[in-house]
Each structure stands twice: as C-alpha cells, then as structure tokens.
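For reference, the structure discussed in these notes is given below.
Numbering (UniProt numbering), first residue to last: 1 to 470.
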C-alpha cells in the first residue's frame, strides 16, 4: 500500500495523511469508547475534488474506505475495523457554507460543516435550520445525512431526509454526482438523493448538501412536566397537539433514573420540581416574533393535563436561562450515563399508541436477564422514538457486558413483535448490521443488497456497516 499512501499524500498534502498511532487515535474509536479499530491511514481532504481523487485511488488499489464526519456516532459506523487496511476519510476540513438564500429558504454547505454552524449561518440570515441534537456542537452535516439523524425537532420538522433538497456525492469509483439542485419539485426520475441519505457511507461519500430553511422561531414557551406514566405522557401529547397545533415543537420524555444521573453528574443541574416522579416530559412551543399566545397555550395545556390527572407538577421557564436549564436536563442524559459507567444503548421506535404498553412490559423481561439492570429511558414521544438505554447494576459493569447479547435480543424481539424498528435515528453501523438484516424480510434485504452491488460492486465503501456480509 506504499504507492497508495504516496498518491494520497500528493492528492491532499502529506500533512493531511495521518499514519502515526498518536495522530490517528481520535479517529479510530467512536464517542462511546466501545467501538474501535485500526486504520491504514486517516486522510483529510479539503475539497470535493480531493475527495474524488482519494476515492478513485482507493478504488484502484482495492482499499476500503470509512467515511467519517464528527465521529459522534453510537453504533460503530464511522470507525474502521481491526484489519488495519481501511482508509478513514475524514471530512472535517470541508467546512464552507457555500450559499444562504433566505428568500428561497435554502442553505448550501460542505459535508464537514458542524451542525451548530449551519444553525448559526441560518440564524444570521434571519432563518431557522431546525435540526437539533445533543451533539450539535461537534457532529457534521455529512454524518447527519449519512445516518438520517433525528433529534428533538422531528415532531415539527421531520427527520433529516425531510430537510434535504439536493446532494453532492462522490461515488465509489471516484466520479462525482452533482445533485445540488435547490428545487422543491423535480419529477424527472428516481430520487437519487434518498439512496444516500441514511446509507451510512456504504454507497458513496456525501460532500455537499442543499438544505431547507424555515421561518425563525424566536419566541418559546417551555415546561418540565412530571407525569405518572408513559401512558399519561402519550395522552398529554394529544392534549398538547390540540391546544398548540403547529406551534408544538418539542415533546420529550425521560424517566427518573435518567434525571438522577444528570443531577449527579452534570455540574449545576438541579431538580426544578419539589418532589420526584417516575416520568417527566419536556414540552416546548415555538413561534415567530409576532406570535404572543404561546404562554397562554402552554398554560392551557398544563391546566388540562392536571385536570385529567395526566400531570402532577410542572416548572415553566420564565427566562432564557431557565429554558436552558430545563433543556440541559434532557440533553445531559447521554453524557451523564457515559460518566456513570458501562452502558448498552438502544434506539427503538414503535407506534405511538403502543409505547406505553411496551415500556411497561419490557422492564421485567430485562430484569430476568440481568437482575438490577437500570433502564435509562428518554426520547421523542412525539415520533414514537425511545432511547431505551441500560446502565449496569451498581458496581457490576462486567455483568452488563456479559449479558449484552441477551438483553439486546430481548429488546429487539419485543420491538419487532410490535411492528417497530430497532433503529430509529442512530443507524445500524457495525453494531446492529446483523440484527438489522435479521428483522427484515428476505425481499427487503435482497433489494438493499442489489442497490449496494449496483453502486459499489467491489464492496469498498464502509464494508460491514449497515448490511452484514452476504
């Protein structure tokens, strides 16, 4: 592979081809610390042309490529395997906001632009890019697109797929597909962009995107609400939709175990309510600067919830600082659980009407597999997505690792039985590739393999991710 490395150094500059262990260390292990591998090299191109050159060279040499954005994934989809022969293609240098058109409501960006920077560029033009994730300060648009990321704004604006108008993609042989069209309507053939969104780098390398912008929503009404059960939370969602309509922007849920971890490990965090509850909901309404009725609508929601015994207490944010403090309780969960110790992450989705029954039934099943296992449950009730994570019994991290397969199988089997999905927004990566295929029909897997074979016949794009070996 010496010739390949020489070619890559010529293509992107020697300083952007990393091979020393110390230099590549941050690129070969994911955010969880669980998934890691070895790389032939980490290559950091600075333009689409350089990406195309790198991909073409790797294709000619038969070297597999692992595209990587901000490396904030949770399922091992952006790190190499243990072979030491794969090239990690980091898009981190490609951070140009190419264009912002507030009239058309579009922003065109490089794939390496950090999500928070896209939000800021949109805000600077008086518009809103609504995608919001806990990792938005480090995750990149390319990774968001490759995994079809979700987040806390899906209820109102939809998944990443709904926010994309056009893409620029380097194909596995090094050719560039320029699909950067900012059109709302285009019925001239297959929706090619939708092949690459959610493909986790297995069909090509996304290098640029045209994204949708929306009217800014500077007014907010936010509350942290104690609810007795998931069933009550689902019923409260209906109340909120009735009173707030399209202004309902966020409806998040968390259990007490999740809140306790945040209160323990997040500096400055405090419980906004006087007494404990089994479950909590973060409700937020959002509107334009001219809309003054949000506070009244939120109060109507909470009043109806208390009257119907759907809520037992609530804290309403009276200032931007208080709003930030309430949001920190929700967004700090993942980091707090990581600090706590060993964790097993699950990202499931079910029909909203079935969430409560599933959440009630799965706990005893898991406790039979590993007595004392601690469910850390939070997520997006508004779109049926729960992050049903598990922390080890106190002081027993090794026991969680030993029971990992049985615990995951129990969760996946129950989700599949309820016509749900084992991955709502994190992707399958390496961790769930086999499981993902096993819960799909033979026809569905065959269709996916046919697409993969058509675009990447050599199987060099992120092999082992999303689809298991045939």
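The beta-carbon is built from N, C-alpha and C at its ideal position, and this holds for glycine as well.
As the crow flies, the alpha-carbon of residue 46 is around 52 Å from that of residue 300. Two segments are said to touch when three or more pairs of C-beta atoms, one from each, lie closer than 8 Å; by this definition the stretch 418-429 does not touch the stretch 389-399. Looking at the DSSP output, residue 342 bridges to nothing. The Cβ atoms of residue 204 and residue 192 lie no closer than 8 Å to each other.
For residue 252, the closest alpha carbon among the candidates 273, 147 and 132 is that of 132. By the criterion of at least three beta-carbon pairs nearer than 8 Å, the stretch 59-79 is in contact with the stretch 21-33. Comparing alpha-carbon positions, the option among 427, 121, 202 and 445 lying closest to residue 64 turns out to be 202. In this structure residue 190 is exposed. Its beta-carbon is surrounded by fewer than 16 other beta-carbon atoms within 10 angstroms.
211 is the residue among 211, 242 and 75 whose C-alpha sits nearest the C-alpha of residue 166. Judged by beta-carbon spacing, residue 5 lies within the 8 Å limit of residue 17, meaning their Cβ atoms are closer than that value.
For secondary structure counted as the beta strand (DSSP E) over 3 or more consecutive residues, the stretch 77-148 holds these complete runs in sequence order: 87-90, 97-101 and 106-110. A Cβ-Cβ distance of about 5 Å is found for the pair residue 207 and residue 51, placing them in contact under the 8 Å criterion. For residue 34, there are no CB contacts under 6 Å within the same chain when 5 residues up- and downstream are skipped. Pairing residue 346 with residue 412, the inter-Cα distance amounts to about 9 Å. For residue 433 and residue 348, the gap between their C-alpha atoms comes out near 15 Å.
Per DSSP, the beta-bridge partners of residue 68 are 90.
Closest by C-alpha distance to residue 379, out of 39, 281, 129 and 236, is 281. In the DSSP assignment, residue 375 falls within the beta strand (DSSP E) that extends over 374-380. The Cβ atoms of residue 104 and residue 226 do not sit closer than 8 Å to each other. In the three-state scheme derived from DSSP, where H, G and I count as helix and E and B as strand, residue 272 is classed as coil. In this structure, DSSP gives residue 35 a state outside helix and strand, which the three-state scheme calls coil.
Inter-segment contact for the stretch 324-335 and the stretch 259-273 is present: three or more beta-carbon pairs are separated by less than 8 Å. The secondary-structure analysis by DSSP pairs residue 248 across a beta bridge with 285.
Annotation for residue 208: the continuous beta strand (DSSP E) segment containing it runs 205-212. Just measuring C-alpha positions, the residue of 156, 228, 109 and 222 sitting nearest residue 145 is 109.
Proximity to residue 23 across 277, 44, 235 and 161 peaks at 44, based on C-alpha coordinates. By the CB criterion at 8 Å, residue 234 and residue 141 fall outside the cutoff. If the five residues before and after residue 54 are omitted, its C-beta is found closer than 7 Å to the C-beta atoms of 8, 11, 12, 43, 45 and 89, all from its own chain and listed in chain order. Taking a cut-off of 8 Å for Cβ pairs, the stretch 289-297 and the stretch 364-376 do not touch, as fewer than three such pairs fall below it. Counting only the Cα atoms, residue 426 lies some 14 Å from residue 435. In its own chain, leaving out the 5 sequence neighbours on each side, no residue places its CB closer than 6 Å to the CB of residue 228. Annotated three-state conformation of residue 197 is coil, per DSSP. If you draw a 10 Å sphere on the C-beta of residue 37, you find 16 or more other C-beta atoms in it, and that means buried. DSSP links residue 349 through a beta bridge to 385 and 421. For residue 325, the enclosing alpha helix (DSSP H) stretches over residues 320-331. About 14 Å separates the beta carbons of residue 163 and residue 383, which is beyond the 8 Å limit, so they are not a contact pair.
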